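In this note's numbering, the protein residues as written are 46 to 337. Even for Gly, the Cβ is constructed at its ideal location relative to N, Cα and C. As the structure is a prediction and not an experimental result, all values here were calculated from the model. These notes are about the structure you will find just below.
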Amino acid sequence: MTDEPNNPPPTGGETSPPAGGDVAWYAKPELGLSDEAALFAKGHNFTDLNAALKYGAEAEAMARSRNVIEKPDPANLSGWKGWSELGWTEKVEDYKVEPSKELKNFNADPTLLDGFKKLAHEHRVPLSAANGIYNGVAQMMSQRIADAEAQARTEQEAAAKAASEALRSEWGSSYDTNLELAKRAARGVGLSEAASTALEKALAGPDGKGGSVELLKLFHGLGKRMGEAPLVGDGAEGGRSAMTPGEARLERLALEKDPEFIKVLNNPRDPLHADYTAKRQRLIKLEAGNAG
Numbered sequence: 046m047t048d049e050p051n052n053p054p055p056t057g058g059e060t061s062p063p064a065g066g067d068v069a070w071y072a073k074p075e076l077g078l079s080d081e082a083a084l085f086a087k088g089h090n091f092t093d094l095n096a097a098l099k100y101g102a103e104a105e106a107m108a109r110s111r112n113v114i115e116k117p118d119p120a121n122l123s124g125w126k127g128w129s130e131l132g133w134t135e136k137v138e139d140y141k142v143e144p145s146k147e148l149k150n151f152n153a154d155p156t157l158l159d160g161f162k163k164l165a166h167e168h169r170v171p172l173s174a175a176n177g178i179y180n181g182v183a184q185m186m187s188q189r190i191a192d193a194e195a196q197a198r199t200e201q202e203a204a205a206k207a208a209s210e211a212l213r214s215e216w217g218s219s220y221d222t223n224l225e226l227a228k229r230a231a232r233g234v235g236l237s238e239a240a241s242t243a244l245e246k247a248l249a250g251p252d253g254k255g256g257s258v259e260l261l262k263l264f265h266g267l268g269k270r271m272g273e274a275p276l277v278g279d280g281a282e283g284g285r286s287a288m289t290p291g292e293a294r295l296e297r298l299a300l301e302k303d304p305e306f307i308k309v310l311n312n313p314r315d316p317l318h319a320d321y322t323a324k325r326q327r328l329i330k331l332e333a334g335n336a337g
């Protein structure tokens, strides 16, 4: 009578040869077992083929119940059978990598997304991991862009503030009158009402005390050099408002504080002397309330 196999089976070791010199069951030629299979049966001390098969069936059932996956071979990862268990799909069209709805300030580049998807699929990255990597990198890129834009705005604001302070220092006590002259010049160039209003706001700045330095200098210079008629006219010519006495006074004071204007005014030989003199006289009349 033979003994039943132990369960769990022994870890190995030699078994005694059958009594009477009989050949062990696993070594019988008619079974056709390989040397490896015969050694396995011998090492586990199976009494017969039935015991060995029972052991194998129980081991497979246990493996299936525990979702055991074959260990991957580092030298042949692409041939591993467990990729699908991790969310990888055989067909690339079923491999869905999508931008997260939680991403802020990020516009997905279809070409970049498609390229990432193909690479991730080719390298068998589990789908959940691929989505996590893509959205994580996208979030970092989005934050980097936002930080760069914020830094650029800060630098632009600092540069604008420095330029404005430099202009205030340059114009000194004439700053307000020069600002008003620039605003009047902007109103007098024949823009539409909406465009003129927008330009005047840009000149005034958010606090009303001066905006773009480049625009201020441009229209201040324009206001000094243009003839009086194109700027204001003595009436409502061309849709432009007539200059008030207060505006005339501000412009006259600004001109009289301008060294270049005074230089031309005091030089009868200068080609602009007559125009500058006439302009000053018109301002004096308007300031006095006489538009005639």
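Distance between beta carbons of residue j and residue i, contact taken as under 8 Å
i, j, result
"Thr222", "Leu158", "Between Leu158 and Thr222 the Cβ distance is about 58 Å, and since that is not below 8 Å, they are no contact."
"Lys269", "Leu300", "7 Å"
"Ala97", "Phe91", "4 Å"
"Leu172", "Trp133", "6 Å"
"Ala227", "His265", "4 Å"
"Trp70", "Asp93", "5 Å"
Exposed unless 16 or more other CB atoms sit within 10 angstroms - verdict on residue i
i, result
"His168", "exposed"
"Arg229", "buried"
"Gly233", "buried"
"Asn176", "buried"
"Val137", "exposed"
"Lys309", "The amino acid occupying residue 309 in the given sequence is Val; Lys does not appear at that position. Looking at its Cβ environment, which holds 16 or more other Cβ atoms inside 10 Å, Val309 is buried."
"Ala104", "exposed"
Alpha helix (DSSP H) segment containing residue i, residue limits
i, result
"Glu147", "Counting along the chain, Glu147 falls outside any alpha helix (DSSP H), and DSSP gives it neither H nor E."
"Ala211", "172-216"
"Gly88", "80-88"
"Val311", "The sequence shown places Asn at residue 311, not Val. First-last for Asn311: undefined, no H or E at that position."
"Glu5", "Look at the range of the chain in this structure, 46 to 337, and you will see that residue 5 is not part of it."
"Ala231", "220-232"
"Met290", "A small correction: the amino acid at residue 290 is Pro; Met does not occupy that position in the sequence shown. Looking at the DSSP string, the run of the alpha helix (DSSP H) that includes Pro290 is 290-301."
Reduced DSSP secondary structure (H/G/I, E/B, other) of residue i
i, result
"Gly280", "Confidence in Gly280 is poor, its pLDDT being 41 and thus under 50, which makes the residue's placement too unreliable to answer from."
"Tyr140", "coil"
"Met107", "helix"
"His166", "helix"
"Asp154", "coil"
"Gly124", "helix"
"Leu317", "coil"
"Glu115", "coil"
"Thr242", "helix"
"Phe306", "helix"
"Glu75", "helix"
"Asp67", "coil"
"Arg285", "Confidence is the limiting factor: at Arg285 the pLDDT is only 45, short of 50, which leaves the residue's position unreliable, though a coordinate-based value still follows. Coil at Arg285, not helix or strand."
"Glu345", "Any property of residue 345 remains undetermined from this structure, which presents the chain solely from 46 to 337."
"Glu102", "With the sequence shown as reference, residue 102 is identified as Ala, and Glu is not the correct amino acid for it. Helix."
"Thr322", "helix"
"Asp159", "helix"
"Glu332", "helix"
Should the region 318-334 be called in touch with the region 256-264, which here means at least 3 C-beta pairs below 8 Å? no
Counting Cβ pairs closer than 8 Å, one from the region 178-188 and one from the region 206-219, do we hit at least three? A contact between stretches requires three or more CB pairs, one per stretch, nearer than 8 Å, and the region 178-188 fails this requirement with the region 206-219.
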